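All residue numbers for the sequence shown refer to this note's numbering, where the first residue is 457 and numbers rise by one.
Even glycine gets a Cβ: it sits at the ideal position worked out from N, Cα and C.
No experiment lies behind these values; they were computed from the predicted model shown.
These notes concern the structure reproduced below.
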Amino acid sequence: MTPESPTRICLACYKDRLASVCENADRYKLFDIRDNDIYPAGLLSLPSKDPMDRTSAILACGVSYLLCGAIGADTRARLERAGVGVRPWLTGSVAQAVSAFRRGNLADLAMPGCRPRREDI
Numbered sequence: 457m458t459p460e461s462p463t464r465i466c467l468a469c470y471k472d473r474l475a476s477v478c479e480n481a482d483r484y485k486l487f488d489i490r491d492n493d494i495y496p497a498g499l500l501s502l503p504s505k506d507p508m509d510r511t512s513a514i515l516a517c518g519v520s521y522l523l524c525g526a527i528g529a530d531t532r533a534r535l536e537r538a539g540v541g542v543r544p545w546l547t548g549s550v551a552q553a554v555s556a557f558r559r560g561n562l563a564d565l566a567m568p569g570c571r572p573r574r575e576d577i
């Protein structure tokens, strides 16, 4: 029997926080969830601002969920068509985002004035 693949989450970051706009992130921080624990899984620096390049990078890394601030509708649609769960309109530090995802409580990190849709949490 082979072990189950981990769930991989990607945080669109600017420095040590979630980027307020996904397309302005300067890096993607990857985390794997295995056996209810979260482990760092990598860091992608993003020299290209091309949304297609960024989408391809996320897909190539086997990401299950993207946590981010605002995100363009076309970028979101491409990711969701490829099976990535996009959780937008979030703010906070990397540690806060990882913790909220683990607890299933991303609504606590909703940007001021933003109320995530039920399927976004």
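Quick check on residue i: buried or exposed, where buried means 16 or more other Cβ atoms within 10 Å of its Cβ?
{"i": "Y484", "result": "buried"}
{"i": "R537", "result": "exposed"}
{"i": "A516", "result": "exposed"}
{"i": "G525", "result": "buried"}
Could you check the C-alpha separation between residue i and residue j for me, to the nearest Å?
{"i": "T607", "j": "E460", "result": "The requested residue 607 is not part of the displayed model; the chain covers only 457 to 577."}
{"i": "V550", "j": "R464", "result": "15 Å"}
{"i": "L474", "j": "L565", "result": "10 Å"}
{"i": "I577", "j": "S555", "result": "Note on I577: pLDDT 49, under 50, position unreliable in the model; the coordinate value appears next. Between I577 and S555, the C-alpha separation is close to 14 Å."}
{"i": "R490", "j": "G569", "result": "33 Å"}
Looking only at its chain, what residues have a beta carbon closer than 6 Å to the beta carbon of residue i, apart from the 5 residues adjacent to it on each side?
{"i": "I527", "result": "C478, P544"}
{"i": "V519", "result": "R464, C466, V540"}
{"i": "D488", "result": "P462, R464, Y495, A497"}
Take residue i and list the residues in its own chain whose beta-carbon comes closer than 8 Å to its own, dropping the five residues that flank it on each side.
{"i": "L523", "result": "I465, C466, L467, A468, L474, R543, L546, A553, F557, L562"}
{"i": "A513", "result": "Y484, L500, L502"}
At 4 residues or longer, and completely inside the segment 490-534: list those alpha helix (DSSP H) runs for me, N to C.
Counting whole runs of 4 or more residues, the segment 490-534 contains the alpha helix (DSSP H) stretches 507-516.
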